[in-house]
Amino acid sequence: MADVLVGHSVTVNAPSCPTDTRLYAKGRLVAEGFPADQAPGLLTKHPDAVLWLDLYRPGPDDLALVAEEFHLHPLAIEDATQEHERPKLDRYPEHLFLNVYGVDVSTKPEDPPFGKTEISAFATERALITVRKGPSDTQKFVDRWDADAELAESGGVSFLLYGLLDVVVDGHVDAAQQLDEAMDQVEDALLEEGGAPRAVRMHGMRLRKTVAALRRAVTPMPEVIAEAMRKDLGLVDEKLQPYFRDVEDHARHAGDQVEHLRDRIEGLLQADLAEQGNVLNDITRKLAAWAAVITVPTALTGYFGQNLPYPGYQQTWGYIQSMILLVVVAGGLYWYLKRRGWL
């Protein structure tokens, strides 16, 4: 990756989209919140400084301005403007391109189950440029960088990238833990005798859908981080290698946990389905037994053609009595079956 900003000053129009800016020199915050068009001058003024430039939902013109100044590859610009790109790390002549997803899950029925923010990043020799395609809290990145100021002293752009990846992966781990706790709450209900109520089953289906969405964001991350640590890239030095390996380990743990959650929820739903089948078989057997008991007297009376007088035969009160008896018996049977959930 070439140093494209050292030794010259270029006037750049500021992007019209919302931006965040920070300049670090040897682990110390030199400037923040400055317009993007001042970045070249500040980098020239501070030869040891590195820049973080964040663009929120930039338009093609905004990215064109940044691409011209930082020599960003057109294919990387195209990926940064398109949504739903897969998590990846691509190498270009003068920078790296990274695409990851910050995630947020909720296990409350009234909240959306899963939210994600696609984040694209360009890592040049002296700048980390992030492109956010949805709302997210960038303060988490800033807090992580400020908390490890000593590490930032010799880290440069690789330190900024480490903080970004660390925050994203921590979000993946937290999301997996939330889903695991939610499954603990529904597991007993799904495995109870007779099968779970429909509301519990729907909650289980909601969790399965959330796990599937989380898996798409989490599974590729270990390979993305391992790619960033390749020695031929020259991005991560020996001091930062253990920190990147720690993030990679967390990413693998999150991936393993998501796979476990996927198998777990599938097993729970299959067990509940099997229990419902057992209950249905039991009900069918009982109904068949009662039908057999009733069939015997019905067959005998029908064979002999019995039509004997009953109390109230050919009387008005007898007709009323029979109608009341029919309504009471039919209504009682309906109430019983409704209570058992068969109707």
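Here this note's numbering is used: the first residue of the sequence shown is 96, the next is one more, and so on. A virtual CB, placed ideally from N, CA and C, is assigned to each residue, including glycine.
Query raised in the report: Taking the alpha carbon of P153 as the point to measure from, which residue in T114, P392, A346 and Y408 has its own alpha carbon closest?
Result: Position 58 of the sequence shown holds residue 153. Taking only the C-alpha atoms, the option nearest P153 is T114.
Report task. Count the C-beta pairs between the region 293-302 and the region 320-333 that are closer than 8 Å, then say yes if the count reaches three, no if not. Result -> no
Query - Nearest candidate by alpha-carbon position, reference L146, set A271, W385, A131 and L160 - result: In the sequence shown, residue 146 corresponds to position 51, counting from 1. Cα-wise, what sits closest to L146 is A131.
Report task. Within the region 141-202, note down every full alpha helix (DSSP H) run reaching 4 residues or more, in order along the chain. Result -> Runs found: 155-165 and 169-176.
Query raised in the report: If we ignore side chains and look at the alpha-carbon of each, how far apart do V198 and R311 end up?
Result: Counting from 1 along the sequence shown, the entry for residue 198 is found at position 103. Counting from 1 along the sequence shown, the entry for residue 311 is found at position 216. Answer to the nearest angstrom: the Cα atoms are 11 Å apart.
Report task. Leaving aside the five residues before and after S215 along the sequence, list all residues of the same chain whose C-beta is less than 6 Å from its C-beta, in chain order. Result -> Translated into the one-based positions of the sequence shown, residue 215 becomes position 120. The answer, listed in chain order, is A175, N194 and V226.
Report task. Measure the C-alpha to C-alpha separation of Y431 and V423 and round it to an integer number of angstroms. Result -> Here residue 431 refers to the residue found at position 336 when the sequence shown is read from its first residue. Here residue 423 refers to the residue found at position 328 when the sequence shown is read from its first residue. Distance from the CA of Y431 to the CA of V423, rounded to the nearest whole angstrom, comes to 12 Å.
**Report entry** Simplified DSSP assignment, three categories, for D232
**Finding:** Translated into the one-based positions of the sequence shown, residue 232 becomes position 137. Of the three classes helix, strand and coil, the one that applies to D232 here is coil, per DSSP.
Query raised in the report: Do A270 and V319 have their C-beta atoms closer together than 9 Å?
Result: Taking the sequence shown and counting its residues from 1, one reaches residue 270 at position 175. Taking the sequence shown and counting its residues from 1, one reaches residue 319 at position 224. The Cβ atoms of A270 and V319 lie no closer than 9 Å to each other.
Query raised in the report: Hey, out of A366, L382 and Y151, whose CA is closest to T233's CA?
Result: Working through the sequence shown from its first residue, we reach residue 233 at position 138. Cα-wise, what sits closest to T233 is Y151.
Report task. For D439, name the three-state secondary structure that DSSP assigns. Result -> Missing from the structure shown is residue 439; the chain here goes from 96 to 438 and no further.
Query - Alpha-carbon spacing of C112 relative to H179, whole angstroms - result: Numbered from 1 along the sequence shown, position 17 holds the residue referred to as residue 112. Numbered from 1 along the sequence shown, position 84 holds the residue referred to as residue 179. So the two alpha carbons sit approximately 20 Å from each other.
Query raised in the report: Exposed or buried, what is Y338 when buried is set at 16 or more other beta-carbons lying within 10 Å of its beta-carbon?
Result: Within the sequence shown, the letter at position 243 stands for residue 338. Y338 is buried by the Cβ-count criterion.
Query raised in the report: Does DSSP put G210 in a helix, in a strand, or in coil?
Result: Position 115 of the sequence shown holds residue 210. Note: G210 maps to strand in three-state DSSP.
Query raised in the report: Where does Y119 sit, in a helix, a strand or coil, going by DSSP?
Result: The residue you call residue 119 lines up with position 24 of the sequence shown. Looking at Y119 - three-state DSSP - the assignment turns out to be strand.
Query raised in the report: Do you know offhand how far L309's Cα is from V125's?
Result: Looking up residue 309 in the sequence shown gives position 214. Looking up residue 125 in the sequence shown gives position 30. Going by the C-alpha atoms only, they are around 37 Å apart.
Query raised in the report: Whole-angstrom Cβ separation of L285 and L356, contact assumed at under 8 Å?
Result: Here the question's residue 285 lines up with position 190 in the sequence shown. Here the question's residue 356 lines up with position 261 in the sequence shown. Wrong, their Cβ atoms sit about 14 Å apart, outside the cutoff.
Requested in this report: Taking G266 and M316 to be in contact with their CB atoms under 8 Å, please state how far apart those CB atoms are, rounded to whole angstroms.
Outcome: The residue you call residue 266 lines up with position 171 of the sequence shown. The residue you call residue 316 lines up with position 221 of the sequence shown. About 11 Å; that fails the 8 Å criterion.
Report task. Give the DSSP-derived three-state secondary structure of R380 in the structure shown. Result -> Locating residue 380 in the sequence shown gives position 285, where the first residue counts as 1. R380 falls in the helix class under three-state DSSP.
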